[in-house]
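Residue numbers (our numbering): 426 to 866.
From the three backbone atoms N, C-alpha and C, an ideal C-beta is built for every residue, glycine too.
Here is the structure we will look at.
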């Protein structure tokens with residue numbers, strides 16, 4: 426079988442200059458020009474872009490056991506250890522089976538009341554203004570909500586602040602390391618590495634102390650730390666401190682940046698479409714963290730995660746040579762599956778660049794299977810997707826009750842595809858207090 430088609434590149438460096446100039450536009454062009462599976466040459470290195478929904482479903486769902494995430498998660502592993510996001514094989518499978526019940530919608534009901542209260546507390550601190558950086562505000566809101574869900578209400582404000590700052594430093598280190606052309610070992614005492622080492626030490630010391638303290642209690646509690654401490658495998662053995670630490674760090678690091686960016690993008694889209702925002706606001710008092718058929722807010726979330734998916738790319742690597750779509754995929758070849766590319770492909774979506782929540786109304790044509798996967802798909806679909814959806818519902822509904830949103834005159838909003846799709850340089854909106862908004866001005 427032949428190799429798949431691909432774009433022409435320059436001698437030695439291949440298409441690398443085009444990728445660095447605008448990776449989102451480049452991968453969209455490749456998908457349209459080369460079809461559902463494309464070979465992308467980067468000098469002596471080759472990757473493959475998969476954009477056909479049927480083949481995506483095959484890789485992520487039907488044949489998932491034949492692929493792994495590859496070695497691109499080394500930077501994240503320095504923080505998350507062997508948590509669910511970075512683990513592989515039987516160890517991953519066993520842990521996923523143990524933890525899955527704690528993240529089902531019914532099991533999360535007990536956390537939602539505290540989650541909603543924490544988000545309301547954070548939103549009370551938001552202030553109106555002509556150029557409010559909602560990306561920064563969303564970062565802090567999501568971190569506090571995650572800490573409350575993970576550790577309960579007992580952490581003092583100064584410790585929350587230290588942990589929050591450490592998480593932000595860790596995330597920046599992961600982004601820098603993953604996308605840097607020159608990768609220095611973490612032991613080289615550069616200012617960036619030293620900041621990361623201090624942040625990781627802060628996170629480890631706090632997390633292990635909280636685990637030890639929780640183990641001394643007869644009732645470990647119903648927050649996520651308590652559930653991890655109380656988890657037992659088939660033999661009745663408890664998770665080790667290291668296992669619990671790795672899963673906590675995975676939930677914090679993987680859950681924080683994607684959810685915070687999702688919240689910022691949703692507010693950005695609502696600011697640009699005030700009529701849709703007003704429709705959601707009319708339902709906001711009842712929105713809560715509910716699930717069910719997509720109401721106005723639910724449709725906004727579905728559509729925002731289509732247009733600007735925070736998790737913008739998935740990587741899978743075959744354990745051995747595979748046939749895919751009539752082509753040969755070599756053993757160990759990185760296979761890029763981009764939510765951003767597929768979610769905006771005119772072959773699968775009508776007017777794909779348009780923000781149109783009504784495309785999710787009952788009775789409208791559904792996209793092909795494999796054309797929409799904001800949280801991934803298959804056995805490795807994000808374990809926290811129900812929690813993230815509830816958090817976003819609370820946050821968006823609470824924000825719209827308080828503020829009218831409009832684009833700010835300051836700064837252009839540019840998506841930046843790093844580990845997640847984030848707004849480059851922040852995201853500023855004009856926030857105007859509603860007459861009925863709760864909170865002081």
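Residue range of the unbroken beta strand (DSSP E) whose run includes residue 832: 828-832
According to DSSP, what are the bridge partners of residue 452? Partner(s): none; residue 452 has no beta bridge.
Would you call the CB atoms of residue 677 and residue 571 closer than 7 Å? For residue 677 and residue 571, yes; Cβs fall inside 7 Å.
Tell me whether the beta-carbon of residue 741 lies closer than 7 Å to the beta-carbon of residue 455. Result no, Cβ atoms of residue 741 and residue 455 do not sit closer than 7 Å.
Can you have a look at residue 674 and say buried or exposed, based on whether 16 or more other CB atoms are within 10 angstroms of its CB? buried
Give every residue of the same chain whose Cβ lies closer than 6 Å to the Cβ of residue 434, excluding the five residues on either side of it in the sequence, and list them in chain order. 440 and 466
Inter-residue Cα distance where the pair is residue 820 and residue 507: 30 Å
Identify the continuous beta strand (DSSP E) that holds residue 748 and give its terminal residues. 747-749
Could you give the first and the last residue of the continuous beta strand (DSSP E) run that contains residue 766? It is not in any beta strand (DSSP E) - residue 766 instead sits in the alpha helix (DSSP H) that spans 764-768.
From the DSSP output, in three-state form, read off residue 470 for me. strand
Helix, strand or coil at residue 444 according to DSSP, with G and I counted as helix: In the three-state reduction of the DSSP assignment, residue 444 falls in the helix class.
Examine the Cβ distances between the segment 742-758 and the segment 693-705 and report whether three or more of them are shorter than 8 Å. no
Under a three-way DSSP split, which group does residue 552 fall into? Residue 552: coil per DSSP, three-state reduction.
How far does the beta strand (DSSP E) with residue 529 in it extend, from its first residue to its last? Here residue 529 belongs to no beta strand (DSSP E), and DSSP marks it neither H nor E.
C-beta contact flag for residue 520 and residue 511 at 7 Å: No, they are not a contact pair.
Secondary structure of residue 667, DSSP reduced to three states: helix
Once you ignore the five residues that flank residue 431 on each side, which residues in its own chain have a CB closer than 7 Å to its CB? 459, 463, 464, 465 and 466
Per DSSP, which residues does residue 493 bridge with? Please list them. In the DSSP assignment, residue 493 is bridged to 742.
Start-to-end residues for the alpha helix (DSSP H) that takes in residue 633: 616-640
State the DSSP-derived secondary structure class of residue 541, mapped to helix, strand or coil. Helix.
So the candidates are 496, 648 and 681; which of them puts its Cα closest to the Cα of residue 588? 681
Curious, which full-length alpha helix (DSSP H) runs of at least 4 residues does the segment 749-819 contain? At a cut-off of 4 residues, the continuous stretches assigned as alpha helix (DSSP H) that sit fully inside the segment 749-819 are 764-768.
Where residue 465 falls: helix, strand or coil (DSSP): strand
So, at 7 Å on beta carbons, what are the nonlocal neighbours of residue 443 in its own chain, with the 5 sequence-adjacent residues on each side left out? 451
Classify residue 833: buried if its beta carbon has 16 or more other beta carbons within 10 angstroms, exposed otherwise. buried
Residue-level contact to chain B via CB, residue 561, 7 Å cutoff: Annotation note: the requested chain B is absent from the structure, which comprises a single protein chain.
What residues are listed by DSSP as bridge partners for residue 841? DSSP lists 847 as the bridge partner or partners of residue 841.
So is residue 738 buried or exposed if we call it buried at 16+ other beta carbons inside 10 Å? buried
What's the call for residue 470, buried or exposed, on a 16-neighbour Cβ count within 10 Å? exposed
Can you find at least 3 beta carbon pairs, one from the segment 803-817 and one from the segment 839-850, that sit closer than 8 Å? Too few Cβ pairs lie closer than 8 Å, so no.
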